[in-house]
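Residue numbers (our numbering), protein chains in the order written: chain A, 1 to 239; chain B, 1001 to 1239. To start, the structure under review is shown below, and the notes come after it.
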DNA sequence: CGCAAATTTGAAATCGTTCAAATCGGGTGG
DNA sequence: CCACCCGATTTGAACGATTTCAAATTTGCG
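Quick look at the structure:
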C-alpha cells in the first residue's frame, strides 16, 4: 500500500468514507527507491505521474544565482508534486534528502479517480492548498524572523507534521537533512546556521545527532519561534 | 461583469469554451468598494464567498512579531481567496492597497458551477496552483536574493502579471503601494528599501512617482533581478 | 494653507556572511 | 579491527549588508 501514511494524514484531517479510502488504497502504482541527493525531477521537466512519499524526506529547491533555496520539505504521506496534475512544467527541482522510497501514480488514473469522486477532488485540492499555506508561512519565516526563531520555526513545523503521520516518538524523530540543508531552507549561511543550532542545543531546546532530532521542550521552542500551527489547517474541515 | 479581467487572464493562459466563458460572465455577485488599508478579511475569519479583484491592488499579510509581512499581491482579475472554497479558516489578512473594487461570489454558487464543469474545476484549481508557484518564488526571492535584485524581482513579476490583464501601457502601470508596502513584501526595512529604490532610479531602471511606475529597461531589470517568468505558468497549458 | 503621511538623509549599531582552516564522525577497504 | 578518507560540523576573525534610531524634508489631501 503506497498510501498508508497518506490515508492516515487525510483521515486525521478531513475524514474519508470507506469507499474513498478503498480507492486510495488500491491505486495502481510503481515503487522506486532514491538515494541521498538523487533528483526525482528537475526544473524544466514535465511528468505524467505523481509521487507519494513512502519513507524518507524529499525537498523542493530552486537555484538562484549561486545559492540553492529549499522551498519546502516533504514527509511520508505527502504528495510533493500533486500540482503536476494541472501544471505540467516543473519550475523547481524535487530531491531526496537521504534515501527515500516513493510510489508513483499516473495522472490518468488520478484524474479518473477524481472525476468519480467529488470528495476526493475536494480532499486533494485541499491538500495542494495546505501546501500553499505552508509556502506562505515560509515567506513570513524567511522574510520576517531572525535566524534563531527561523530555525526553531522549521523544527516546530516538521514536528507537527510528523506527529500527524505517526513519525514522532517521545518528541523525537529521524531527520535526514544536514545543517547545510537547514541553511538552504532558512535562507542562511551554513556557518551561521551551525552557530544557531549550537545556541539551540545550549538552551536545551534541541538535541540533534546521528540523523535523529529531539525537541525536549516543544512549548518553549514554539514560543521562541512564534509558531502558530493554524496555517497547517489540521482542524479546519469544510466537509 | 465582475469577471472581465478574470476571463481575459484565464483565456490568455488556458483557453475557455464559449459555454465556460458564459458561466463565468454570469456569476451572481455583489460588488463592494474598499478604501486604502481597509481589510477584506482578517486572520481567524471564516467566509462563505470568494473575492474577485475588479480594480486596484489587494495584498495578503501576516503579522509576525512587530513586523508585518506581505505574502502576495493581487491584481485585477485575481481571486485572492479562492482557497477558501476548501479551507475555511483564514490564516492571514487580506487588505486593500489604495482604493479597490471587489466582486463577491458565493461558495455555494462556485461549487455548483464546478460540479457541472470539469474544465472550470481544472482552470480554477490550476489558478490556486499558480498562486502557490508564486509563493515559492517569493520564498526564493526573500530567502536568496540581495535587497537590490529582490526589489527588482518584485517589479518584474508585477509587470508581467499586469501585462496579462492589459494594465501595462508603455512599460508603465498604476502602482498603489507605498515604499513601506514594498519593504514589507521584500522582508526589508523601509529605510533600506528607500535606498534601493533610489539606486534603481539612479540606474534608470525604474521611474516611480504619483502611484505610477515605469520600467523603461525591462530587460536589464529582469537580468538584475534574475527574473525567470516560467513560475507564472503563462504558457503551460495542460488541456 | 496646513496637517499627516510618505519619503529621504545621516550615523551608529547589529546581524549575518565570507573565507580559511581545524576537527569530528561514519563508512570503507585492507 | 584499524587506518584512512571524505563529507559534515565547528571555530575564528574580518568584513559587509541591512537595521535601527532620530531627524529633516517632501508630498498629497482636505
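Just so you know, even glycine gets a beta-carbon here, dropped at the ideal spot from N, CA and C. Bear in mind the structure is a predicted one, so any value in this text is a computation, not a measurement.
Beta-bridge partners of residue i, as assigned by DSSP
i	result
residue 1172 of chain B	B:1169 and B:1214
residue 1101 of chain B	B:1033 and B:1055
residue 1094 of chain B	B:1041 and B:1060
residue 73 of chain A	A:59
residue 1106 of chain B	B:1049
residue 208 of chain A	A:213
residue 89 of chain A	A:46
residue 1116 of chain B	Per DSSP, none; premise fails for residue 1116 of chain B.
residue 1068 of chain B	B:1063
Chain-ordered neighbours of residue i on chain A, where CB pairs are closer than 7 Å
i	result
residue 1059 of chain B	Within chain A, no residue comes near residue 1059 of chain B; the closest Cβ sits about 12 Å away, beyond 7 Å.
residue 1236 of chain B	87, 88 and 89
residue 952 of chain B	A question about residue 952 of chain B goes unanswered here, because the residues of chain B that appear run from 1001 up to 1239.
residue 1216 of chain B	Here the premise fails: no neighbours, minimum Cβ distance about 25 Å.
Buried or exposed by the 16-neighbour rule on C-beta atoms within 10 Å, applied to residue i
i	result
residue 66 of chain A	exposed
residue 44 of chain A	exposed
residue 247 of chain A	Given that chain A is displayed from residue 1 to residue 239, the structure contains no residue 247 of chain A and the question cannot be resolved.
residue 131 of chain A	buried
residue 1218 of chain B	buried
residue 62 of chain A	buried
residue 201 of chain A	exposed
residue 1149 of chain B	buried
residue 1141 of chain B	buried
residue 9 of chain A	buried
residue 77 of chain A	buried
residue 118 of chain A	exposed
residue 1080 of chain B	buried
residue 1037 of chain B	exposed
residue 1035 of chain B	exposed
residue 22 of chain A	exposed
residue 1001 of chain B	exposed
residue 204 of chain A	exposed
residue 1236 of chain B	buried
Proximity of residue i and residue j at Cβ, strictly below 7 Å
i	j	result
residue 1144 of chain B	residue 64 of chain A	yes
residue 56 of chain A	residue 3 of chain A	no
residue 68 of chain A	residue 184 of chain A	yes
residue 1059 of chain B	residue 1012 of chain B	no
residue 1088 of chain B	residue 1046 of chain B	yes
residue 173 of chain A	residue 167 of chain A	yes
residue 229 of chain A	residue 160 of chain A	yes
residue 1136 of chain B	residue 75 of chain A	no
residue 1083 of chain B	residue 1128 of chain B	yes
residue 1125 of chain B	residue 86 of chain A	yes
residue 165 of chain A	residue 5 of chain A	yes
residue 1020 of chain B	residue 1120 of chain B	yes
residue 1095 of chain B	residue 1181 of chain B	no
residue 1123 of chain B	residue 1053 of chain B	no
residue 1152 of chain B	residue 1221 of chain B	yes
residue 1102 of chain B	residue 1032 of chain B	yes
residue 51 of chain A	residue 104 of chain A	yes
residue 194 of chain A	residue 179 of chain A	yes
residue 227 of chain A	residue 156 of chain A	yes
residue 1110 of chain B	residue 1171 of chain B	no
Under 7 Å from the C-beta of residue i: neighbouring residues of chain B
i	result
residue 135 of chain A	1132, 1135, 1136 and 1139
residue 92 of chain A	1136
Residues that residue i contacts on chain A, provided the C-beta gap is smaller than 9 Å
i	result
residue 1189 of chain B	Residues of chain A passing the Cβ test: none, with the nearest at roughly 11 Å.
residue 1049 of chain B	Residues of chain A passing the Cβ test: none, with the nearest at roughly 14 Å.
Chain-ordered chain A contacts of residue i [CB-CB under 8 Å]
i	result
residue 1211 of chain B	In chain order: nothing, as chain A lies at least about 24 Å away.
residue 1193 of chain B	In chain order: nothing, as chain A lies at least about 13 Å away.
residue 1015 of chain B	Under the 8 Å cutoff, chain A gives no residues; its nearest Cβ is about 14 Å from residue 1015 of chain B.
residue 1121 of chain B	121
residue 1126 of chain B	86 and 87
residue 1098 of chain B	Per Cβ cutoff of 8 Å: no residues; residue 1098 of chain B is ~22 Å from chain A at best.
Interface partners of residue i on chain B, CB under 9 Å
i	result
residue 231 of chain A	1062, 1091 and 1092
residue 226 of chain A	1064 and 1065
Under 8 Å by beta carbon: chain B residues contacting residue i
i	result
residue 208 of chain A	Under the 8 Å cutoff, chain B gives no residues; its nearest Cβ is about 22 Å from residue 208 of chain A.
residue 83 of chain A	1129, 1132 and 1133
residue 118 of chain A	1115
Proximal residues, the stretch 1103-1114 of chain B versus chain A, C-beta separation under 7 Å: none
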